[in-house]
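Heads up: the structure comes next, in structure tokens.
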Amino acid sequence: MDIDGEDVSRRIHVKFVTKLEPPFKAPVSSIAIPSDVTRLGLSSIVNELLKHANPEWESEPFDFLIDGELIRMSLEEFLRAKGISAERTLEIEYIRAVTPRKEEEPSLHDDWVSAVNGSSSRFILTGCYDSLGRVWSSAGSCSHILEGHAGAISSVALVNSNDARSVTVATASKDRTLRLFKLDPAESVDSSTRVRAYKILRGHKASVQSVSAQKSGNMVCSSSWDCTINLWDTNESTSEGESVTVKKRKGNNKAEESQSEGEAVTTFVGHTQCVSSVVWPEHDVIYSSSWDHSVRRWDVETGKDSLNLFCGKALNTVDVGGEGSALVAAAGSDPILRVWDPRKPGTSAPVFQFSSHTSWISAIKWHKSSWFHLLSASYDGKIMLWDLRTAWPLSVIDTHTDKVLSADWWKGDSVVSGGADSNLRISSGIAIS
Amino acid sequence: MPKKSKGANKDDKMRENKSKSVSVKSQKHKPAEKELKPVEEKEVISLKEEELLQESGTDSDYDADSLSGSLNSDDFDSDIFDSEDDDSQRETKDGESSEDRSVGVGHEGSEDNEDDDESEQIDSDNGEEDGSDEGSEQGEAVEESDSSEDEVAPRNTVGDVPLVWYKDEKHIGYDITGKKITKKEKRDKLDSFLATMDDSKNWRKIYDDYNDEEVELTKEESKIIRRMLKGEAPHADFDPYAPYVDWFKWDDAIHPLSSAPEPKRRFIPSKWEAKMVVKYVRAIRKGWIKFDKPEEEPNVYLLWGDDSASDQKNKHLTYIPPPKLKLPGHDESYNPSLEYIPTEEEKASYELMYEEDRPKFIPKRFTSLRSIPAYENALRESFERCLDLYLCPRVRKKRINIDPESLKPKLPSRKDLRPYPNSCYLEYKGHTGPVTSISTDSSGQWIASGSTDGSVRIWEVETGRCLKIWQFVEAIKCVSWNPLSSLPIIAAAMGRDLVILNTELGSDEEQEIIKERLHLGNLPESDASVAAIVSWLPDELYGGIKIRHFKNVSYIHWNRKGDYISTVMASGETRGVVTHQLSKKLTRRLKFKIRGLPVCTLFHPSRSYFFIATRKDVRVFNLLETDEPIKKLETGLKEISSMAIHPSGDHLIVGSKEGKLCWFDTDLSSKPYKTLKNHPKDITNVAFHRSYPLFASCSEDSTAYVFHGMVYNDLNQNPLIVPLEILRGHSNGGVLDCKFHPRQPWLFTAGADSIIKLYCH
Numbered sequence: 001m002d003i004d005g006e007d008v009s010r011r012i013h014v015k016f017v018t019k020l021e022p023p024f025k026a027p028v029s030s031i032a033i034p035s036d037v038t039r040l041g042l043s044s045i046v047n048e049l050l051k052h053a054n055p056e057w058e059s060e061p062f063d064f065l066i067d068g069e070l071i072r073m074s075l076e077e078f079l080r081a082k083g084i085s086a087e088r089t090l091e092i093e094y095i096r097a098v099t100p101r102k103e104e105e106p107s108l109h110d111d112w113v114s115a116v117n118g119s120s121s122r123f124i125l126t127g128c129y130d131s132l133g134r135v136w137s138s139a140g141s142c143s144h145i146l147e148g149h150a151g152a153i154s155s156v157a158l159v160n161s162n163d164a165r166s167v168t169v170a171t172a173s174k175d176r177t178l179r180l181f182k183l184d185p186a187e188s189v190d191s192s193t194r195v196r197a198y199k200i201l202r203g204h205k206a207s208v209q210s211v212s213a214q215k216s217g218n219m220v221c222s223s224s225w226d227c228t229i230n231l232w233d234t235n236e237s238t239s240e241g242e243s244v245t246v247k248k249r250k251g252n253n254k255a256e257e258s259q260s261e262g263e264a265v266t267t268f269v270g271h272t273q274c275v276s277s278v279v280w281p282e283h284d285v286i287y288s289s290s291w292d293h294s295v296r297r298w299d300v301e302t303g304k305d306s307l308n309l310f311c312g313k314a315l316n317t318v319d320v321g322g323e324g325s326a327l328v329a330a331a332g333s334d335p336i337l338r339v340w341d342p343r344k345p346g347t348s349a350p351v352f353q354f355s356s357h358t359s360w361i362s363a364i365k366w367h368k369s370s371w372f373h374l375l376s377a378s379y380d381g382k383i384m385l386w387d388l389r390t391a392w393p394l395s396v397i398d399t400h401t402d403k404v405l406s407a408d409w410w411k412g413d414s415v416v417s418g419g420a421d422s423n424l425r426i427s428s429g430i431a432i433s
Numbered sequence: 001m002p003k004k005s006k007g008a009n010k011d012d013k014m015r016e017n018k019s020k021s022v023s024v025k026s027q028k029h030k031p032a033e034k035e036l037k038p039v040e041e042k043e044v045i046s047l048k049e050e051e052l053l054q055e056s057g058t059d060s061d062y063d064a065d066s067l068s069g070s071l072n073s074d075d076f077d078s079d080i081f082d083s084e085d086d087d088s089q090r091e092t093k094d095g096e097s098s099e100d101r102s103v104g105v106g107h108e109g110s111e112d113n114e115d116d117d118e119s120e121q122i123d124s125d126n127g128e129e130d131g132s133d134e135g136s137e138q139g140e141a142v143e144e145s146d147s148s149e150d151e152v153a154p155r156n157t158v159g160d161v162p163l164v165w166y167k168d169e170k171h172i173g174y175d176i177t178g179k180k181i182t183k184k185e186k187r188d189k190l191d192s193f194l195a196t197m198d199d200s201k202n203w204r205k206i207y208d209d210y211n212d213e214e215v216e217l218t219k220e221e222s223k224i225i226r227r228m229l230k231g232e233a234p235h236a237d238f239d240p241y242a243p244y245v246d247w248f249k250w251d252d253a254i255h256p257l258s259s260a261p262e263p264k265r266r267f268i269p270s271k272w273e274a275k276m277v278v279k280y281v282r283a284i285r286k287g288w289i290k291f292d293k294p295e296e297e298p299n300v301y302l303l304w305g306d307d308s309a310s311d312q313k314n315k316h317l318t319y320i321p322p323p324k325l326k327l328p329g330h331d332e333s334y335n336p337s338l339e340y341i342p343t344e345e346e347k348a349s350y351e352l353m354y355e356e357d358r359p360k361f362i363p364k365r366f367t368s369l370r371s372i373p374a375y376e377n378a379l380r381e382s383f384e385r386c387l388d389l390y391l392c393p394r395v396r397k398k399r400i401n402i403d404p405e406s407l408k409p410k411l412p413s414r415k416d417l418r419p420y421p422n423s424c425y426l427e428y429k430g431h432t433g434p435v436t437s438i439s440t441d442s443s444g445q446w447i448a449s450g451s452t453d454g455s456v457r458i459w460e461v462e463t464g465r466c467l468k469i470w471q472f473v474e475a476i477k478c479v480s481w482n483p484l485s486s487l488p489i490i491a492a493a494m495g496r497d498l499v500i501l502n503t504e505l506g507s508d509e510e511q512e513i514i515k516e517r518l519h520l521g522n523l524p525e526s527d528a529s530v531a532a533i534v535s536w537l538p539d540e541l542y543g544g545i546k547i548r549h550f551k552n553v554s555y556i557h558w559n560r561k562g563d564y565i566s567t568v569m570a571s572g573e574t575r576g577v578v579t580h581q582l583s584k585k586l587t588r589r590l591k592f593k594i595r596g597l598p599v600c601t602l603f604h605p606s607r608s609y610f611f612i613a614t615r616k617d618v619r620v621f622n623l624l625e626t627d628e629p630i631k632k633l634e635t636g637l638k639e640i641s642s643m644a645i646h647p648s649g650d651h652l653i654v655g656s657k658e659g660k661l662c663w664f665d666t667d668l669s670s671k672p673y674k675t676l677k678n679h680p681k682d683i684t685n686v687a688f689h690r691s692y693p694l695f696a697s698c699s700e701d702s703t704a705y706v707f708h709g710m711v712y713n714d715l716n717q718n719p720l721i722v723p724l725e726i727l728r729g730h731s732n733g734g735v736l737d738c739k740f741h742p743r744q745p746w747l748f749t750a751g752a753d754s755i756i757k758l759y760c761h
């Protein structure tokens, strides 16, 4: 058998190691495997090994790392591409594959779901084109409805969840206002409670596109089509707010709460076109992306932009995370996800570019705890999970039937997303170590 | 030794010159001219003569050659000894020598010279001996009185020229004073014969034709001649058998001829030579001296050009070879393969064919060359061939050899002209009929569209979400978003109506202004002519304004400030264009007359100009002043379909129904600066980008073209137009409208497939 002989000559000695906990730990011993196995083959080998040690073992997809790089081709090709010798015993680290293992029931909205937020592990916030915000405690169960807006909601943000009984939520809408809601997530789940805003933030001259809250919860920032970024106070009673509290909604008996109106504390002017997205990752740093093709970093104290990354495409979304929470990922009117490292001196070129999408990218989120993982949602209806260590997506979630308008991580192991098919979809069981 | 050699030389010469000595002698006896010679000349010569005689000795009489040779050597001497009368002597000597030669020697000049050289050498080397010679020979020289005559210049001074030259002249030459020497009268033959008969001495006479005279030879001379004829030495006194005197001392000398020690310079390398070598080396290094010098072409040329080549070529027809006949193939072989031979059916089918279609030659098979009959068509074919060649004149076609690449204009690369729209990422779906018109709002957040399904829709650009729908009965012809960002209203044309719709997008204050604008209070009085055309009505359906026209509205356009809107009624003829002022709710007819059917209108972006495109041309009017158009742009198109103006206002693009697009530089000329023919079908619309140097055209062939159209501030620089991209994607039915995003380099296209597409960079 010629082929067999050839196979024998192309065997590679490997040793599977892992940092995973015991049920996933395979016996560490060098074995010889054919060199043309791919990720699937490696995964089945590891599963076999585990089954050997533990008869009740259920198969589990794995990903494999050699020298910190994920394998996405056959082992032989990988070794050749990286110039690694096949002579010595190869140490392959395996991790659980980052891919959703469970798809939860979609939660149907009345209209397109334009905003999703999964910052709190207890609930999911969504914003919808029917001008209502919703709070979902789990898939299919809506606990609160945030009402009051006159236009489609474009963004939602969790402002403050320090208090277990009371949570502050901000929504931004195309009716040029932002609203702040207070709600108790532990309330009865069986019927959804309607919540009115305790504070209306007026000041933008055009649609508000994005809202983001400071870590402390005292401030929120918002970006708008009028090319500005506004900072707002979230306090219930402001000095000038008292005069406005006279304005009460009397039509509705139920909602007798007072609604105060707030004005912008500061306005950051600098973008020349619609500011599509803002994030507030640190105490005094705000990142914004705009249709004027730039990503800017604003210093909250001075109101000056300290960084200006130029990309050449209109940007829809920006997020900061990764290694040291310093990498800036942004994308927009083309299918390429770009990651910049502002710490590198003299950088204007992105350090990573991922281009597996086929349409505009509407959302990017870094994983909260991992340095390497991020997700991107695109108008092509796909959500892709990325690892900085490989140029191919780790997994593609294409449960949506139309454009995905927003997506976020939830609870560290799930992806929540909303799109033009009016559904909130939750893909859970993503193992990110 | 030297003496001997000299003598031997002279002997040789003598023998050679035997025949000539006759003429030599004739010179010596010139009885007539002795008296004629000028006195002063004689004096000069006399000095010379003595020296000569001394040198040449006895031989001098006989040998003119040696005489002249020694004369030269004498010259050498005289140069040294008496330089005073050098000049005069030279004159005379030169004269003599030339005469001598002219008379006797002529062709032997070259030999003479050699001899001269020899004798010179000898003379200089052995000066002493010469001296002794001279001494011994002096006596003889004195006795020879007639030898002086030799030195006398001949009468004729013409020199050694062929006498034929003077054959037809009356004179034979010139004497020393320059006067003509006339020829003696020729006696006829009888006279001369009688004269010779009479004269007993006639046999001694010779005719000297150089001087044109008869010379009588003396007795001595005739003796010499006789002697020479016998082969003896000419002179009677010459003893050929004289005892040999051995002048050379044969005994060995003790010393070499010179006992001087070898000088030092013989042993050291020459300094000057070294210097020269260095000089040459340097010159070679610096390239002053070049080896292998290319041969210089002779710097001569034909003054009147190479007339032989050009003229003669054009004068006659150049031969053009006849086209070659087709070579015979396998089927014309005498013994072709079987497959070439037609079967009986095929032959029968040939019979049914028209004569033109029938094959000219039917292959046949012969077993041997011997059995081949004569070719029956040979005569006819050769006749036809000749007829062809005669009847079809052959012409040499001149083919211009141009690289087609070089004809292409130099355009910058597409890559350098980024960004421009190239790929479609977003689609706006919802209409149920072809989308006829689209319009973007000034911020670029919204886009309005009108369709034949009667709906006007507003879409969110970012997501493709349809925000608002107004449903009407009639098909929407045209929608236009008010260019003011603070006045978010839309004008839509359908049927005979122009409807102004409130989008309810602005802030509360803006909404109040809009409400006020759209509220029809008491309308101002309008004159009867306008009232007949237009009436302002409230729109019950959506609370806007409805302006009803008397004909179907085909095109609307807002002015830059968003207050005036112009409407075009294609069938309205002279009343086809009106403008409405929204703030005053007033309609105006144009003051000026429109010739032809109006197609579309435009307001100049910054000045009070108004462009009206009719089917054939575009006229520019000033709204404030004259009635006549200030400019007429001749498009040369069959039918204009659309028009767009550059944001600067100076450039205009016009699309036509034959698929041509014209770019006008209104400052430059009334003719198109460029005409682009790209679309195979009608252009439906054209658009300029507000800030990027882009323009686009869309067509019924379901494509949209994007061009780079850079307008420079420098008036001397023409706009740069580069085709960038063909945008496909719409299904059949064509693209009905295209508009650029106001801020991004994106293009919206509205298709007949009821989809709006957004092309991004």
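Residue numbers (UniProt numbering), protein chains in the order written: chain C, 1 to 433; chain D, 1 to 761. No residue lacks a Cβ here, since even glycine has one placed at the ideal position from N, Cα and C.
- Per DSSP, the beta-bridge partners of C221 (chain C) are C:S212 and C:L231.
- By the rule that beta-carbons nearer than 9 Å mark a contact, P350 (chain C) does not touch chain D.
- Annotation: V435 (chain D) is outside any alpha helix (DSSP H); the continuous beta strand (DSSP E) that includes it extends over V435 to T440.
- Using a 10 angstroms sphere on the CB of S571 (chain D), the tally of other CB atoms stays under 16, which defines it as exposed.
- Here Q214 (chain C) is buried, its C-beta having at least 16 other C-beta atoms within 10 Å.
- For P404 (chain D), the enclosing alpha helix (DSSP H) starts and ends at P404 to L407.
- Taking the Cβ atoms as the reference, S212 (chain C) lies roughly 6 Å from C221 (chain C), within the contact range of under 8 Å.
- If you draw a straight line from the Cα of K324 (chain D) to the Cα of K360 (chain D), it comes to about 18 Å.
- In this structure V46 (chain C) is not in contact with S395 (chain C), their Cβ atoms being roughly 18 Å apart against a cut-off of 8 Å.
- Within the same chain, S276, S277, V295, L315, V318 and A330 come within 6 Å of S289 (chain C) by CB-CB distance, once the 5 residues on both sides are set aside.
- Considering only beta carbons, no part of the stretch 338-370 of chain D lies closer than 7 Å to chain C.
- Taking all protein chains shown into account, K82 (chain C) has fewer than 16 neighbouring C-beta atoms within 10 Å of its C-beta and is therefore exposed.
- When only Cα atoms are considered, E332 (chain D) and Y375 (chain D) end up about 12 Å apart.
- Here DSSP, grouped into helix, strand and coil, assigns K51 (chain C) to helix.
- Around the C-beta of L302 (chain D), fewer than 16 other C-beta atoms lie within 10 Å, and the residue is accordingly described as exposed.
- With respect to chain D, the C-beta atom of W225 (chain C) has a partner C-beta closer than 9 Å.
- DSSP places A97 (chain C) in the coil class of the three-state scheme, outside both helix and strand.
- C386 (chain D) sits in a helix when the DSSP states are folded into three classes.
- Within chain C, no C-beta atom comes nearer than 7 Å to that of T635 (chain D); the closest sits roughly 36 Å away.
- Inter-residue distance for S222 (chain D) and A242 (chain D) is about 25 Å (C-alpha atoms, whole angstroms).
- Residues of chain D whose Cβ lies closer than 9 Å to the Cβ of C274 (chain C) are, in chain order, S443, G444, Q445, E462 and R743.
- Contact annotation for R588 (chain D) against chain C: no contact, minimum CB-CB distance about 34 Å [criterion: below 8 Å].
- C-alpha of Q744 (chain D) to C-alpha of F707 (chain D): approximately 15 Å in a straight line.
- For the pair of segments examined, the stretch 326-345 of chain D was found to touch the stretch 356-370 of chain D: the number of CB pairs separated by less than 8 Å reaches three.
- For K15 (chain C), the closest of C:F62, C:E93, C:P22 and C:S74 by C-alpha to C-alpha distance is C:E93.
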